[in-house]
Ligand code: HEC
Ligand code: HEC
Ligand code: HEC
Ligand code: HEC
Ligand code: HEC
Ligand code: HEC
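The structure is reproduced here in structure tokens:
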């Protein structure tokens, strides 16, 4: 009996066609999915390449170029798996080549069951894809779900741009930036998943978006007119936390003021010898009449200029920290004091607080414990007057808050890793070029460092009384306490230690 069966099955040659192999439930479900996700994928890629719809959503790339393809390939895998099972089945039982079921008669109902399962799977995964698309398209996703960007998100919340979304500065408009940002988004996700990202996250200096599609969508500095005032208050590290105030008048026009660098009349380009663009040995000014002026740092060999690395000056060559400022300790404390968060009536609070913030800590917990201890220890040995003592707990909270908004030990992020190019106090900033040392070959022209070139000091006062009665008039800068040579850059003494 069994012998007869064997010989009969050996005689029937199994028909292994695509049709026969795909004639099974798993493959059919898989093929429906392949068609569905294939169409969705095609549709989204087409929309992405032809419209601006996803520009606001850099992480839509995760959906379009990662999740949808994953679902598409999963469906193909599903379909193929069904075919392999069916193939093995046909080899074992050639007479079943024409049967629909892979696994023998479950029931006729299984076709209907299969359809329901397929529909549910499509519905759920489609819903999931839609949800994740929306989730990835927000500032919340960039800043918080993606935990590695937490420092930037916190600093951003603390900036003037907290109502501007991340993509408005980091993606910009136009097809090219859209594709680049999406490719980058996928790369970043990969780096996060594989834990291979750089800590701290590197500033995307080389891949920065053009100002046209970002800053200039909201600002037109070459059309600004007149001056703005900036009032900067330092608090001295003495017992009274004596305030020292400067009032600067800054011409921000595109004609004669700071925004001259980005006006359409002329082009300022430069060559930086380091990746962070802090050392700028060569500057080229191309005037509206086409004439060119070249300024060089001492001993710079002009023949080493790589034309392809020449950069035209733009907003972020000065305003590079507008989105995320990580303030150095003293400035961070000054700002909090300015906001009234740290009372100046607590003796020495400026010195004690900025010293505690300047230490390096490994974790946030360690910082909290040690900063608290440093403050407690100091005031145990030097008890403040009773009125000030009652303010101490609130001041301590404010100092810890300053720390949490500017220092991120777990991510290795704080002022030490990020230069601020606006100004010239803790960082080189404007003095990367304006140092009186960048000269033309014949030494007839120089990039000026005259204090009046960029701002007019219209007030300087030390102590609360002087500040209240500050006379607004042009005045000469006087260095607090001791006299210093104005030939030296402020940052040569006020730059903070990097270690
Ligand atoms: C107002 C514009 C602006 C907005 C809004 C903005 N950024 Fe930035 N961001 C920048 C600029 C400019 C840089 C480059 C900084 C530099 O060159 O020093 C930068 C740099 C970064 C970096 C690199 C590391 C660093 O700190 O330099 C990360 C990460 C980042 N931004 C994330 C975000 C996230 C997340 C959001 C939204 C929560 C966001 N940004 C919103 C302008 C912005
Ligand atoms: C979507 C619109 C938008 C974009 C894009 C944008 N900004 Fe702004 N920016 C604003 C608004 C609004 C304010 C005013 C905030 C306020 O005064 O409360 C502002 C304020 C500023 C200020 C003055 C406040 C400060 O922090 O000193 C500067 C400088 C500035 N932006 C530069 C930039 C630069 C540089 C970029 C590109 C990297 C940029 N902005 C991108 C809307 C934008
Ligand atoms: C050479 C350096 C430099 C460049 C380049 C530059 N700015 Fe400024 N900008 C300044 C300075 C300095 C100020 C005034 C001081 C301040 O805001 O702290 C200023 C002020 C501003 C303000 C605030 C104006 C106000 O009324 O308070 C905005 C907005 C601004 N810049 C946007 C831009 C944009 C956008 C670009 C690029 C197209 C740009 N800046 C390029 C140096 C520069
Ligand atoms: C990449 C080099 C470079 C940097 C960085 C730079 N400048 Fe300039 N700046 C120049 C050159 C070149 C000139 C033209 C020569 C001159 O007048 O000294 C100039 C001229 C100026 C002028 C005079 C404009 C006029 O109408 O004559 C002002 C004001 C100025 N810069 C302010 C600033 C401020 C403020 C900063 C920093 C926030 C800054 N610059 C950073 C290169 C630079
Ligand atoms: C190339 C332009 C430029 C030159 C030259 C220049 N400054 Fe400034 N200065 C700035 C800018 C920009 C700021 C930052 C303004 C702001 O914070 O908005 C600044 C800030 C300051 C401040 C405030 C410091 C602080 O705590 O932030 C003082 C004080 C000052 N300058 C004094 C001087 C003196 C003194 C000289 C001459 C030796 C000088 N500046 C030359 C552009 C310049
Ligand atoms: C030769 C070194 C040196 C140079 C150059 C220098 N300073 Fe100072 N400065 C000091 C010292 C030392 C102190 C007192 C200790 C301290 O508070 O940091 C001080 C204190 C100050 C203070 C008192 C408030 C505070 O925050 O402590 C201000 C404001 C200040 N300097 C501004 C400037 C400016 C603006 C320039 C550039 C025009 C400049 N300094 C250049 C050494 C220097």
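Residue numbers (our numbering): 6 to 504. Where is the CB? At the ideal position from N, CA and C, for every residue including glycine.
Buried versus exposed, by CB contacts within 10 Å (16 or more), residue i
| i | result |
| --- | --- |
| residue 80 | buried |
| residue 334 | buried |
| residue 269 | exposed |
| residue 170 | buried |
| residue 217 | exposed |
| residue 301 | buried |
| residue 425 | buried |
| residue 284 | exposed |
| residue 236 | exposed |
| residue 468 | exposed |
| residue 296 | exposed |
| residue 230 | exposed |
| residue 499 | exposed |
| residue 320 | buried |
| residue 32 | buried |
| residue 77 | buried |
| residue 118 | exposed |
| residue 387 | exposed |
| residue 447 | exposed |
| residue 292 | exposed |
| residue 470 | exposed |
| residue 248 | buried |
| residue 339 | buried |
| residue 279 | exposed |
| residue 401 | buried |
Cut-off 7 angstroms between Cβ atoms - residues of its own chain near residue i, not counting five sequence neighbours on either side
| i | result |
| --- | --- |
| residue 460 | 253, 254, 255 |
| residue 442 | 302, 303 |
| residue 274 | 289, 315, 316, 317, 318 |
| residue 381 | none |
| residue 474 | none |
| residue 368 | 414, 415 |
Proximity of residue i and residue j at Cβ, strictly below 8 angstroms
| i | j | result |
| --- | --- | --- |
| residue 227 | residue 259 | yes |
| residue 46 | residue 74 | yes |
| residue 123 | residue 27 | no |
| residue 496 | residue 439 | no |
| residue 522 | residue 361 | Within the shown structure, residues of the chain are numbered from 6 to 504, placing residue 522 beyond reach of any answer. |
| residue 483 | residue 465 | yes |
| residue 363 | residue 411 | no |
| residue 420 | residue 501 | yes |
| residue 310 | residue 287 | yes |
| residue 396 | residue 348 | yes |
| residue 219 | residue 173 | yes |
| residue 341 | residue 407 | yes |
| residue 456 | residue 491 | yes |
| residue 454 | residue 436 | yes |
Residues near residue i by beta carbon distance below 8 angstroms, same chain, minus five either side
| i | result |
| --- | --- |
| residue 3 | Because the chain is modelled from 6 through 504, residue 3 falls outside the range shown and cannot be assessed. |
| residue 450 | 298, 300, 444 |
| residue 127 | 37, 38, 41 |
| residue 392 | 350 |
One or two residues paired with residue i in a DSSP bridge
| i | result |
| --- | --- |
| residue 316 | 275 |
| residue 94 | Partner(s): none; residue 94 has no beta bridge. |
| residue 222 | Looking at the DSSP assignment, residue 222 forms no beta bridge with any residue, so it has no partner. |
| residue 299 | 289 |
| residue 239 | 249 |
| residue 48 | DSSP output for residue 48 lists no bridge partner at all. |
| residue 5 | Residue 5 is absent from the model: the chain starts at 6 and stops at 504. |
| residue 467 | 249 |
| residue 256 | 232 |
| residue 413 | 418 |
| residue 461 | 254 |
Proximal residues to residue i (C-beta, below 6 angstroms), its chain only, five neighbours per side dropped
| i | result |
| --- | --- |
| residue 109 | Summary for residue 109: the model assigns pLDDT 47, below 50, so the residue's position carries little reliability, and this model does not support an answer. |
| residue 242 | 355, 356 |
| residue 353 | 244 |
| residue 485 | 249 |
Ligand 7 heavy atom lying under 7 angstroms from the CB of residue i
| i | result |
| --- | --- |
| residue 335 | In terms of ligand content, the structure shown lacks ligand 7 and carries ligand 1, ligand 2, ligand 3, ligand 4, ligand 5 and ligand 6 instead. |
Next on the checklist: Which residues neighbour ligand 2 when neighbourhood means a C-beta less than 6 angstroms away from any of its non-hydrogen atoms? List them by chain order.
Outcome noted: 165, 166, 169, 173, 174, 219, 220, 222, 223, 224, 320, 321, 324, 327
Next on the checklist: Using only Cβ atoms and a threshold of 5 angstroms, which residues come within that distance of a heavy atom of ligand 5? Order them by chain position.
Outcome noted: 235, 237, 251, 428, 430, 435, 439, 454, 456, 458, 459, 482, 491
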